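Okay, structure first, notes after.
In structure tokens form, the structure reads like this:
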């Protein structure tokens, strides 16, 4: 999978398939135009790679030119005027082959062929590497087609998304139904657990709490649980590899999930890298780190109040509470910086009613 700007793309057509398609087009061009001394016209910017490979395979005399269609406002009216830029060769009475990276609606082909006819072109033919029959709306015949594809957004091998992706040697398609994967953070007393349950239901996500995963594996004496317990019994930290393998197993249990809420992991940059690699292996990625932000004094009072009924000693001691909050911010600072560099960090005001906070979180998630 590759990420270009804000979109994710997954493998679609590999190099071998592209080479086979170019061979097919080139074989037919050699057969049909052996004695025509054709002028090949590559349409920029996309067709440069395709044109290069076709020229390598053409075994007879030929010429090559690269053109672009430019438009500008007319001087007498406001309509767009099309201009062919880059064509310096004389085409009157010649056979011209238009080389396109992709033909979809056919708008470019229509304008270009009209211009060639006006300039006296004897015969024109159209060769394209990729062709979208579902999108094509013109009557002009496409003479040489490498690969027919569905009407999908693709990048690579000359095709781009906002300038990126042209240099990819394989073709990728826009990843459908992008998953929403959240790293959810919140200081003690911020209501993170409550919001995780609400978001899980609202967005059909799977909530993966590292603590719950550890307890399950240890209680059920799974291979990973037994391994983790062996470190814990020695007073050692469980290696990241063991934790990520547990998370991998949880992800694999939910192949139809719309996404995941990761709670309690990652805590370090190394763990964040491990999570990124895990998700990349599933053709997805972390969408955002979302952190509930609550003033320290509000948190302290919430936890002290909770301590009156929870029975948890760490909710009853203000000194312990403040230390827990400090530890949280020390850990969060590392991850905040990590995800901010990727434009994936979102801080959300965690003060207010449950529904109010959920609405704030949703406003972030809905824009991902």
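Residue numbers (my numbering): 301 to 668.
Note that the Cβ used here is the ideal one computed from N, Cα and C, for glycine as well.
As the structure is a prediction and not an experimental result, all values here were calculated from the model.
1) Would you list the residues sitting across from residue 464 in a DSSP beta bridge?
2) To the nearest angstrom, report how far apart residue 323 and residue 402 are at their CA atoms.
3) Span of the alpha helix (DSSP H) holding residue 570?
4) Could you tell me whether the region 611-630 touches the region 504-524, where touching means 3 or more Cβ pairs closer than 8 Å?
5) If we ignore side chains and look at the alpha-carbon of each, how far apart do residue 378 and residue 493 end up?
6) Does DSSP classify residue 326 as helix, strand or coil?
7) So, helix, strand or coil for residue 663, using DSSP?
8) What three-state label does DSSP hand residue 425 in the structure shown?
9) Spatial neighbours of residue 593 within its chain, please: CB distance less than 7 Å, with the 5 preceding and 5 following residues excluded, ordered by chain position.
10) Can you list, in chain order, the stretches of the alpha helix (DSSP H) that have 4 or more residues and sit fully within the region 558-645?
11) If we ignore side chains and look at the alpha-carbon of each, how far apart do residue 474 and residue 600 end up?
12) Under the rule that 16 or more other beta-carbon atoms within 10 Å means buried, what is residue 241, buried or exposed?
13) Along the chain, where does the alpha helix (DSSP H) containing residue 513 start, and where does it finish?
14) Can you give me the Cβ contacts of residue 510 inside the same chain, cut-off strictly under 6 Å, excluding the 5 residues immediately before and after it?
15) Which residues does DSSP pair with residue 365 in a beta bridge?
16) Measuring straight from C-alpha to C-alpha, what distance separates residue 347 and residue 320?
17) Within its chain, find whatever has a CB closer than 8 Å to the CB of residue 451; leave out the 5 residues flanking it on each side and keep chain order.
18) Quick check on residue 536: does DSSP put it in helix, strand or coil?
19) By DSSP, does residue 499 sit in helix, in strand, or in coil?
20) Does DSSP put residue 525 in a helix, a strand or coil?
21) Rounded to a whole number of angstroms, what is the C-alpha to C-alpha distance between residue 498 and residue 645?
The structure says:
1) Looking at the DSSP assignment, residue 464 forms a beta bridge with 461.
2) Across the structure, residue 323 and residue 402 are spaced so that their CA atoms are roughly 16 Å apart.
3) Taken as a continuous stretch (DSSP letters only), the alpha helix (DSSP H) holding residue 570 covers 569-581.
4) With contact defined as three or more Cβ pairs closer than 8 Å, the region 611-630 and the region 504-524 are not in contact.
5) Only weak support is given to the placement of residue 378: the predicted model assigns it a pLDDT of 41, under 50, and the value that follows is read from those uncertain coordinates. Taking the straight line from one Cα to the other gives about 59 Å.
6) Helix at residue 326.
7) Correct three-state label for residue 663: helix.
8) Reduced to three states, the DSSP call for residue 425 is strand.
9) For residue 593, where only same-chain residues beyond five positions count, the Cβ hits under 7 Å are 647, 648, 649 and 650.
10) Segments of the alpha helix (DSSP H) lying fully in the region 558-645: 569-581, 596-610 and 618-640.
11) Here the alpha carbons of residue 600 and residue 474 stand approximately 46 Å from one another.
12) This structure gives no information on residue 241, because the portion of the chain shown stretches from 301 to 668.
13) Run containing residue 513: 510-519, per the alpha helix (DSSP H) assignment.
14) These residues qualify, in order along the chain: 564 and 565.
15) 341.
16) Taking the CA atoms as reference points, residue 347 sits about 17 Å from residue 320.
17) So the qualifying residues of the chain are 404, 432, 434 and 435.
18) Correct three-state label for residue 536: coil.
19) Correct three-state label for residue 499: helix.
20) Residue 525 falls in the helix class under three-state DSSP.
21) Computed Cα separation, rounded: 20 Å.
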